[in-house]
Amino acid sequence: MRIHRARRTGVRTAVLLPALLAGTALLAPAAAGASPTGDVSGGATHADRIALSIPAPTGDFAIGATELHVVDESRTDPWAPEVPYRELMISVWYPTEADGEPTTPWMPPNSAARLLADVEESTGLPMDDVLLPETHGQLGVPAAAQAGGRPVVLYSPGSGLPRAVGTAVVQDLVSHGYVVVTVDHTYNTRHVEFPGGRVVSALDLGDDFGAQASVHAEDLSFVVDVLTEIAEDGTSDAVRHGTPPAGLGVALGLGDLGVLGHSLGGSAAAVALQDDTRFDAAMSFDGPVYSPVPETGFDQPFLLFTQRIFEVPVWWESWDELWPNLRGEAWQLDLVGASHNSFTDYQFLYPQIEAAFGLPAESFRQQIGTVDPAVSFAAQQDYARAFFDEQLKGVPDPLLDGPSPEHPQVEFLR
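Following our numbering, the numbering of the sequence shown begins with 1 at its first residue and continues without gaps.
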């Protein structure tokens, strides 16, 4: 398996769970005197399965979810030119009044199995008894109606990462009244599962991350096209598998449209703001910006969350170049003690992996930093909600006015 290591040139830092678990070469040194507390070669028994988890959402709404296979016939796939269209898998998460048991998996079964197999192959850690997190999504239930629809946010993950890695923050936004659509970017996402169990794995796309961000931004715009058709007609010809749930079209308030991205997804969010005026605002979790975005900027509001443990100088240079060219409201916040993957569900999963397999404490310090994941996530969910409430719902939030005693680990850099 190819392992993507961060390079100080800044061209590759969004890494996969298998890579992050790929032996001690990618583990931060344990504290002095620390030693594993268990035999990682033996693994858990079936009676002692390792059930990973992510935090529950904090809002009042129950959550519905559906998966859709969408096809853009206007584009030959840029990374697989033999494919005469661009196909994506998306998940739509939405408020519901249904009161049932959660039935939406964190990842589809075949892509999840590939992910765990990658981990086992690269680490030797036995994954047969590891259960990926459960979500709070009820699969296919009707969407809760709201006059005028609900604000919509698209979520784009980092390079190589599945759309699942943003589930915790996505669920939380939905529980507070948003519709959120998560996107797997085919041939960049490590494993994408399509209907019928077909899995398409990533290609080696090289180091032109500006070009990749542009493709991902085109994906986001296409998804907005699909959502617009669903809002108008209840469905879309671009939906090849899956059925939009009852009430979803009415729930889509696409006049209030935001985008949230992590790493390369944050890069794509900035491109989307520049290229597609339908997007009203964007929030980036530690995403660099690539030409021509820094030179020309954009008009819409933008919030950038950064960290300083996994610092890449050219990323900071790109933000410094961008800032004078931002013509709307803009914030750069820093999450003290965080690292690059503190902005994903991995901040919760890695400590559970450490504990389950007796790895040295803070083995993943380089990847998720030293900040308590609960503290980190509270900041992310509160600032994401404050930003999108203000920009999409028109509800001002004093949390954006300056440092808050509620989140002392968040520094306002600009």
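Note that the Cβ used here is the ideal one computed from N, Cα and C, for glycine as well.
These numbers were taken from a predicted model, which means no experiment stands behind them.
Asked	Found
Same chain, Cβ closer than 7 Å to L415, five either side skipped, listed in chain order	Any answer about residue 415 is impossible in this case: the structure gives the chain only from 1 up to 414.
Secondary structure of G415, DSSP reduced to three states	Past the edges of the chain, shown from 1 to 414, lies residue 415, and the structure says nothing about it.
CB contact flag (A272, V259, <8 Å)	yes
Contact between the stretch 190-207 and the stretch 323-331 (3+ Cβ pairs under 8 Å)	no
Cutoff 7 Å; reference T167; Cβ partners in own chain excluding five residues on either side	I54, W106, T135, D345
Where Q332 sits in the DSSP three-state scheme	strand
Whole-number beta carbon distance between I230 and G249, since they are thought to touch under 8 Å	5 Å
Proximity to D129 [Cα-Cα], best of G160, L88, L116	L116
Proximity test, G265 beta-carbon vs the ligand PLP heavy atom, cut-off 7 Å	This structure lacks the ligand PLP, and indeed carries no ligand of any kind.
Span of the alpha helix (DSSP H), counted from its first residue to its last, around F377	373-388
Residue closest to A213, alpha-carbon to alpha-carbon, out of Q347, D225, L173, H262	H262
Sufficient close CB pairs (3 or more, under 8 Å) joining the stretch 66-79 to the stretch 362-374	no
Supposed close pair R308, L173 - CB separation, criterion 8 Å	Not really, about 26 Å apart at Cβ, beyond 8 Å.
Cross-strand partners of P288 (DSSP beta bridge)	DSSP output for P288 lists no bridge partner at all.
N- and C-terminal bounds of the beta strand (DSSP E) containing W93	86-96
Selected residue, minimal CA-CA separation from L333, among S376, F209, F279, A62	S376
Whether L227 touches V152 by CB criterion (8 Å)	yes
Run of the alpha helix (DSSP H) containing V250, from where it starts to where it stops	248-251
Neighbourhood of D77 by C-beta distance below 6 Å, restricted to the same chain and skipping five residues each side	V83, R86
First and last residue of the uninterrupted beta strand (DSSP E) at E67	62-72
Residues of its chain near G140, where Cβ-Cβ distance is below 6 Å and the 5 sequence neighbours each way are ignored	T66, P245
Residues that H191 bridges to, as DSSP identifies them	S201
Rounded straight-line distance, which links the Cα of L203 to that of I50	31 Å
Close-in-space but distant-in-sequence residues of the same chain around D397 (CB under 6 Å, 5 per side omitted)	A386, D389, E390
A251 and Y155 closer than 8 Å at C-beta	no
Own chain residues within Cβ distance below 8 Å of V223, not counting five before or after	V70, L88, I90, L154, V181, V183
Length of the line joining the Cα atoms of W316 and Y290	12 Å
For S175, three-class secondary structure by DSSP	helix
Exposed unless 16 or more other CB atoms sit within 10 angstroms - verdict on P405	exposed
Where the alpha helix (DSSP H) containing F348 begins and where it ends	346-357
Contained alpha helix (DSSP H) runs [length at least 4] in the stretch 264-330, N- to C-terminal order	264-275, 293-296, 313-322
Buried/exposed call for H179, threshold 16 Cβ in 10 Å	Reading the sequence as shown, one finds Val at residue 179 and not His. Looking at its Cβ environment, which holds 16 or more other Cβ atoms inside 10 Å, V179 is buried.
Alpha-carbon to alpha-carbon, F285 and F310	13 Å
Residue of T103, D225, L335 minimising C-alpha distance to P373	L335
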